[in-house]
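Remarks on the structure that follows.
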Amino acid sequence: MDFNFIIENIPKYLEAMKLTVIIGIFGIVFSILIGIVCALVLYYRVPAARQIVGIYIELSRNTPLVIQLFFLYFGLPKIGITFNSHICAVIGLSFLGGSYMCEAFRSGLESVTKGQRESGLSIGLTESQLITNVILPQAFTVSFPAIAANIIFLLKETSVIGILALMELMYLTRDLIGLYYKTNESLFMLVAAYLIIILPVSFVLTVIERRIRYATVGN
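Residue 159 in the numbering used here is what sits at position 159 of the sequence shown, and the numbering runs on without skipping anything.
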């Protein structure tokens, strides 16, 4: 193991980690927003939109992220729609993650009994107040474990965005291996970088999940 090589390339990995985290955060945030909207469409059985969401979920979950990214980056320019690689990466992660978040939120929404909705309406709550104050908070507590798992999943999926020539962790690792043939050292730094990113996130999500579980069931 060449530790001098590792030390020399730490700054490059720090920059790659920064890019990976930024794209991951944007992808996760947009995934959650897409998931909430799609779950509400399915929950309220909105005509036409419900079918569109169903098609989106099947398309997103049954095609690999790498294919989706190729379509965004290389396919859309053929019809005059062009995005830079950073935007394509965020859109790709959001498109993939939105379908998984939708299923997570939908399971939470379906766990809220009709009695809760009827009680809210009976005390004069509007539909929007009912959603924000009664239904979504309860649905969130139920679906949080699935949401947390999806967040970790999306962070790991950032390893694919290197196909867009973004200098993220996987792309940097392949580049260093190709230039210097330092396979063990490069892979060691890759694993260490992902652990540094994912382990704290996993720990925080686990703590939040335990607190939510304690608040709802008391143990």
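Beta carbons are placed, not taken as given, at the ideal position from N, Cα and C, and that holds for glycine.
Keep in mind it's a predicted model, so treat the numbers as computed, not measured.
| query | What is the C-beta distance between residue 142 and residue 107, in whole angstroms, given that I count them as a contact (C-beta under 8 Å)? | reply | Residue mapping note: residue 142 aligns to position 142 of the sequence shown, counting from 1. Residue mapping note: residue 107 aligns to position 107 of the sequence shown, counting from 1. That pair is a contact at about 7 Å.
| Between the Cα of residue 156 and the Cα atoms of 170, 112, 166, 144, which residue gives the shortest distance? | Position 156 of the sequence shown, counting from 1, holds the residue named residue 156. For residue 156, the nearest C-alpha among the options comes from 170.
| task | For residue 91, count neighbouring C-beta atoms within 10 Å of its own C-beta (all shown protein chains included) and say buried if the count is 16 or more, exposed if not. | result | Here residue 91 is taken as the residue at index 91 of the sequence shown, counted from 1. Buried.
| Option in 139, 208, 16 with minimal Cα separation from residue 103 | Position 103 of the sequence shown, counted from the start, is the residue given in the question as residue 103. If we check each option's Cα against that of residue 103, 139 comes out closest.
| Burial state of residue 189, where buried means 16 or more other Cβ atoms lie within 10 Å | Position 189 of the sequence shown holds residue 189. Classification of residue 189: buried, given that the 10 Å Cβ count is 16 or more.
| message | Which of the three DSSP states is assigned to residue 181 in this structure? | response | Looking up residue 181 in the sequence shown gives position 181. Of the three classes helix, strand and coil, the one that applies to residue 181 here is coil, per DSSP.
| request: Kindly indicate which three-state DSSP category residue 168 falls into: helix, strand or coil? | output: Within the sequence shown, numbered from 1, the residue matching residue 168 stands at position 168. It is coil, neither helix nor strand.
| field | Own chain, CB closer than 6 Å to residue 24, minus 5 neighbours either side, in chain order | value | Along the sequence shown, one-based indexing puts residue 24 at 24. Within the same chain, Cβ atoms closer than 6 Å to the Cβ of residue 24 are found at 155, 158, the five residues on either side in sequence being excluded.
| Start and end residues, alpha helix (DSSP H) containing residue 150 | The count along the sequence shown starts at 1 and reaches residue 150 at position 150. Residue 150 -> alpha helix (DSSP H) spans 136 to 157.
| field | Three-pair Cβ contact test at 8 Å for the segment 162 to 169 versus the segment 82 to 91 | value | yes
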